[in-house]
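What follows is a set of notes on a single structure, which appears directly below.
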């Protein structure tokens, strides 16, 4: 007699969120991307179909970063000096969408210029991050939001102490927001509530529960994502946002990825290890429910993309 | 189903006799519910209650131990689908596959056997070897035993060859790979004879569930499942279903740990395949490649996933740089409880003001809790400041204490006599203003 | 159509007006010149404008906060009720209304337990003795003579006496011409045990004059003392003051650390003794007695407070494995302890359970009646140590969590105790963000007490002055919302209205303190209930204790997520249950015994054993809670607002 496989029937559903607008929708993107919509835990196709696959974003910066690993500088080369070039190369490397990180050195004009250049160079949907300081983020993101009105950008990064301005400008200009909280289920939920309370529709919020890199707290991010996803499926509407995490940023901060000299021999070959570090960080998060992973190295993008392909095709 | 404290309490004598070492029967019941104490500590519990409690606490996934003279590795005994629900207990063993026919067998094993890598103070190694019997299995086992004392998995369906090889491994607990519907009788006999564990293999969960009771009927209790599956997605489905059947449906035929071959679809996918297996319930993971640049991240991933999530979330103690501090930037002190760290770091980061943040080892407690428990005192702070060699990074020897522990400033001045001790605000939200006004 | 409306107030003032159909009662009253307070601005939220319709037809748009029984009796909200015919309206005084509202829980007056019997239950007794005067023939010594009188006239076989009394005995006996009144203490359980002579008065003391005892609760933040006539059992004076130790730390941990330093223990002891002795003096003055007339003191308090009172090192309480020096101190004399009641009087420190479950809780469990409850009952003490007890007559579990003193008004910028001048209730208008507040005693406000802080936080939240995370919304559009020295703040009272002339505000830091306090308490009882596997909503009753005010608005406490969202009738506010338990124990030896039994039965749950408390705490660190589905009534209120 065949075994009766226990199946979970969840009352909740992950919110579908569409990033990027083509001409018909008032933007200039060549395609838009939809994530979310799941009604079961990741890749359990025997319970429910997976309406949208997780996607991979590649992170580029408005100015060439001076603190990135030389392995990354090597692979991106001169394109790093020009966000438009970098965007093109990232698209070729297999990105589903792009993340453009602005820097403290950017003026509002620089920021708008960089965003326009990237929008012009690639038709992929775009996420724009402020440099990560409340005042500066607000100063740069408001003009960016206005200049790219209608593109359905994702503006980041909203945090509990600084979300009002970004949310307000995203609402006014038809964009989405990325809501980041430090690896805690309750905090994620709380920020979603605060942003919703401002009137932002749920299909324009992506939550970023934050992760640690492999070896640097990934288990917290991993479990927070699993718990958020379970809560969402149980019907908790304030946890039903799709999730975006930044394994590339986290992994390339670690000594294991960043440097090749002065490390133990037992760590093995630098380049292979660095890519493993980023790839495995990303894979673990894809398994725990990430809808967008932001990566940095093209080889990691390739490997994570293949893995996602296997996970969604059963 | 696990019983709650009150449910267990109702099965106990309720006399508060204290003979179990707990002040009340209810205190004892709650410890029982948390599996932190054995029922046998209660001298007066009735037979009926004993039976009921034993049923509620039987492990749904059988514990399998592989053992050699030098090491052992366990799999099974798991109780949850997601690590946050309780914890994952037994880390999957990482085994390196070697070939009996390989002329460099001894050298390869020697190298992998000696591999050791340190991660936050812990030494990790590979757990054992899986020997493919494409040559003389007995000779291969002999050669391996000359250079390694780690547990073995023997990959062969030749009962006679296995019998001979296992004869060399008396006193050990070895795993045989693998029995299927065509050969299980002979392999089960061999396994039983040598008290070895046996992998059972099937094309589907149905086939496996059909086979394990038959193997059991032959007298083999210790089994491991090979779930098959053509790619990541299919294996994830089967692994999830098997674990769920064991846990949720208490389905005994699949209540065994699993084994997974990470290089089945090519070595270029091996790391990713192994990573999924580690996260998603595998009991043993077989690697074809011995490469430190892959083994190290896999060992770290395994450690991370199998860390007990009930322990407070901690940040690694150390000195953290916020907004690219310079030698003249202020030095702030806090504890390694993650929420404490994040609230301080976020406030300062958001203000754009550069600072050095010294995170002391307060055993994962917040400032007040740690101070209350004696884990955040002048001595510990001084130890951190000295241990992280803060003095070498700054030009001004001045540290800022959290306002909640202002009382420590006197003692700290004694401990760090050449440092200026300043008392900062109680709340992280007041830090930027304090740094702007008071520290200039 | 026009109708006549006749208003009558408590002082029999009447006023008559004629108004058209559908006129709001509140408007009619205004025209009639009758003052009906509308703290919430006439939105039907506070219930303070309730009046009684004694005759005629009205239509009630809403009866929120009135019980069906009240409506039956004609009560109606003036701001939600319209005239539909000629009507007569009685306008009751404010304090009567508060007692009627379903949201408000006022502490019941203390009454002498019905089963109190001085002769059977009281260990302190006053005995009149008539001694035969000595003669040349009767050469028995004074002490033997007194003992004989005890034996023959009071049936007391074995009386002991101190050197001090021996020194003055002869004089007393002769001054009273061999008539004396003795005050003794007996051990009711062991009649064979020696009886202790405490005091000897010359002559007969009036049988009905009070025999004084006192019940004391040493809270970390507030010390309370009740002066009791042991004969009638009545509480004759209730006084309270901040614990003088606060100057050396707000929480028990700081106090323990301070006490561990050179001379710190002595200072801590002296500070609390000063507080107690000042309170004793104040209470005695009120009833025209002297402290030395008080023959017994029964003391409740958490374990740290008892250790510090007795000058016992408390260091081991703080550090793992958290062991007290003593959970149940023996009976002591007041002289030894340093409390200024009669120096031979007894000090009875009630038994505790463990380091963080002290006699305040065992006494509270007794006085709350929890230990006899048939159904599972939750008892929450809203105090500095956030103790919670869950259980019934079969089992009791308890936990403690550090909530801090915010709800007792300490550690909050403009916080104060619930005394004269404290703002105890605040309503904020949804439209203008202007507040209406009520001050204890009615004068100019000096600060805000616990119940005021609860209502202020709730109102600020419901009106959008602060967001759910407690961030002050500086763009709310009112001059009362402004950037202060500690982040955003809300001005409750402008300097011109206040006693000190300074603005009374609630700052961001205050909000954080209040949030943490309420989150700790909420997390404490939810985790406790989880630990034993009892769903919170199945608890029959929620008993609320605490010394933050004389009343609590349950609705407001639910709205900030301090109390669980349940039907209001399931809550009872018991005030300071610890001092009440000490009072019961002072009166009645059987109840004293029961506290000992309770201490043995209680199971302490350590909340820091795993992550669950932190989880529960962070999820409660939000208004009202991260999981709004746990607060359906608040969700509904927000929807309306």
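Residue numbers (my numbering), protein chains in the order written: chain A, 1 to 314; chain B, 1 to 440; chain C, 1 to 641.
Built from N, CA and C at the ideal position, the CB exists for glycine as well.
So who's on the other strand from residue 373(B), going by DSSP bridges? Looking at the DSSP assignment, residue 373(B) forms no beta bridge with any residue, so it has no partner.
Please confirm whether residue 245(B) and residue 236(B) have their CB atoms less than 8 Å apart. In this structure, residue 245(B) keeps its C-beta atom at 8 Å or more from the C-beta atom of residue 236(B).
Who pairs with residue 273(A) in a beta bridge, going by DSSP? Per DSSP, none; premise fails for residue 273(A).
Return yes when the Cβ of residue 196(B) is within less than 8 Å of the Cβ of residue 223(B), no when it is not. No, they are not a contact pair.
Straight-line Cα distance separating residue 508(C) from residue 486(C): Spanning the two alpha carbons is a distance of roughly 6 Å.
Mind checking which residues open and close the beta strand (DSSP E) that includes residue 128(C)? 124-130 is the extent of the beta strand (DSSP E) around residue 128(C).
Give the residues from the segment 587-615 of chain C that approach chain B closer than 9 Å (Cβ to any Cβ), ordered along the chain. Answer in chain order: 600, 601, 602, 603, 604, 605, 608, 609, 610, 611, 612 and 614.
Are any of the Cβ atoms in chain A nearer than 8 Å to that of residue 390(B)? Not one chain A Cβ lies under 8 Å of residue 390(B).
Give me, in chain order, the residues of the same chain whose beta-carbon lies closer than 6 Å to that of residue 443(B); leave out the 5 immediate sequence neighbours on both sides. No answer is possible for residue 443(B): the residues shown for chain B start at 1 and end at 440.
Residues of chain B with CB under 7 Å from residue 163(A), in chain order? In chain order: nothing, as chain B lies at least about 12 Å away.
Rounded distance between the beta-carbons of residue 132(B) and residue 98(B), thought under 8 Å: Under the criterion of beta carbons closer than 8 Å, residue 98(B) and residue 132(B) qualify as touching, at roughly 7 Å.
Grouping DSSP H, G and I as helix and E and B as strand, with all else coil, what is residue 441(B)? As shown, chain B starts at 1 and ends at 440. That puts residue 441(B) outside it, with no answer to give.
Residues bridged to residue 695(C) [DSSP beta-bridge criterion]: This structure leaves residue 695(C) out entirely; chain C is present only between 1 and 641.
One or two residues paired with residue 122(B) in a DSSP bridge: DSSP output for residue 122(B) lists 119(B) as bridge partner(s).
Going along chain B in order, which residues have a C-beta closer than 8 Å to the C-beta of residue 526(C)? The contacting residues do not exist; residue 526(C) stays about 15 Å from chain B at best.
Contact under 8 Å by Cβ, residue 424(C) with residue 440(C): Yes.
Where residue 12(C) sits in the DSSP three-state scheme: Coil, per DSSP.
Please name the residue, chosen from 375(C), 186(C) and 506(C), that lies closest to residue 589(C) on a Cα-to-Cα basis. It is 186(C).
Meets three-Cβ-pair contact criterion under 8 Å: the segment 196-210 of chain C and the segment 237-245 of chain C: No, the segment 196-210 of chain C is not in contact with the segment 237-245 of chain C.
Nearest-angstrom Cα separation, counted from residue 403(C) out to residue 516(C): Rounded to the nearest angstrom, the two C-alpha atoms are 7 Å apart.
Could you tell me which chain A residues have their CB closer than 7 Å to the CB of residue 276(B), listed as they occur along the chain? Within 7 Å Cβ-Cβ: 283 and 287.
Under the DSSP definition of a beta bridge, which residues are partnered with residue 97(B)? Bridge partners of residue 97(B): 130(B).
Sequence-distant residues of the same chain with beta carbon closer than 6 Å to residue 231(A), five excluded per side: Excluding sequence neighbours, residue 231(A) sits near 239.
Could you check whether the Cβ of residue 138(A) sits closer than 8 Å to any Cβ belonging to chain C? Taking Cβ atoms only, chain C never reaches closer than 8 Å to residue 138(A), which makes this a no.
Below 9 Å between beta carbons is the criterion; list the residues of the segment 260-271 of chain A that meet it against any residue of chain B, in chain order. Within the segment 260-271 of chain A, the qualifying residues are 264, 265, 266, 267, 268, 269, 270 and 271.
Range covered by the beta strand (DSSP E) that runs through residue 573(C): Counting along the chain, the beta strand (DSSP E) containing residue 573(C) begins and ends at 571-575.
Using a cut-off of 9 Å between C-beta atoms, extract the partners of residue 256(B) located in chain A. Listed along chain A is no residue with a C-beta nearer than 9 Å to that of residue 256(B); the closest approach is about 14 Å.
What does the alpha-carbon distance come out to for the pair residue 91(B) and residue 421(B)? If you take the alpha carbons of residue 91(B) and residue 421(B), they lie about 46 Å apart.
Measuring CB atoms only, is the segment 281-300 of chain A touching the segment 256-276 of chain B, in the sense that at least three cross pairs come out at less than 8 Å? Segments in contact, yes.
Checking contacts by CB at 8 Å: is residue 23(B) closer than that to chain C? Yes, contact with chain C.
Compare the C-beta of residue 463(C) against all C-beta atoms of chain A and say whether one is closer than 8 Å. For residue 463(C), the answer is no, since every Cβ of chain A falls outside 8 Å of its Cβ.
Determine which residues of the segment 460-494 of chain C have a Cβ less than 7 Å from any Cβ of chain A, and write them out in chain order. Answer set for the segment 460-494 of chain C: 467, 468 and 469.
Any beta carbon of chain C sitting closer than 8 Å to that of residue 16(B)? Output row for residue 16(B): interface = yes.
Own chain partners of residue 188(A) with C-beta closer than 8 Å, once the 5 adjacent residues on each side are dropped: 179, 181, 207, 209, 224, 228 and 239.
State the start and end residues of the unbroken beta strand (DSSP E) segment that holds residue 259(B). Boundaries of the beta strand (DSSP E) harbouring residue 259(B): 258-261, taken from the DSSP string.
If I follow the unbroken alpha helix (DSSP H) through residue 119(C), where does it start and stop? Residue 119(C): member of the alpha helix (DSSP H) spanning 118-121, first to last residue.
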